[in-house]
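Quick note on numbering: my numbering labels position 61 of the sequence shown as 51, and the sequence is numbered without any gaps. Structure record follows, encoded as structure tokens.
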Amino acid sequence: MITEFTAREFTCAIETTAEDIFAEAAIHQPPIDAFAIAGRLNITVVFDRRQTERARLVRLQAGGVFVPD
């Protein structure tokens, strides 16, 4: 079953999640640097220049996120 949300509920959920992530990463004002957040949260970002499409999530043995550039 798919739960339906209003646009306002969806926006509030996204904003709350972003605020929680920024607080945990000690980001208190713009500009927001996604790579700085990843580093502060101990998320590994890996680039694959062979992949020309958009990013994908791959579980690495040591944990982390695979993001082609």
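We put the CB at the ideal spot given by N, CA and C, even for glycine. If you're wondering where the values come from, they're calculated on a predicted model, not measured in any experiment.
Own chain, CB closer than 6 Å to Asp10, minus 5 neighbours either side, in chain order: What you label residue 10 is simply residue 20 of the sequence shown in a count that begins at 1. Contacts found: none.
Span of the alpha helix (DSSP H) around Asp148: The structure shown does not extend to residue 148, since the chain is modelled only from -9 to 59, so the question has no answer here.
Pro20 versus Thr7: straight-line alpha-carbon distance, rounded: Residue 20 sits at position 30 when you count from the first residue of the sequence shown. Residue 7 sits at position 17 when you count from the first residue of the sequence shown. Near 16 Å, if we compare the C-alpha coordinates of Thr7 and Pro20.
Residue interval of the alpha helix (DSSP H) (run including Ile27): Here the question's residue 27 lines up with position 37 in the sequence shown. Where Ile27 is concerned, the enclosing alpha helix (DSSP H) stretches over 24 to 30.
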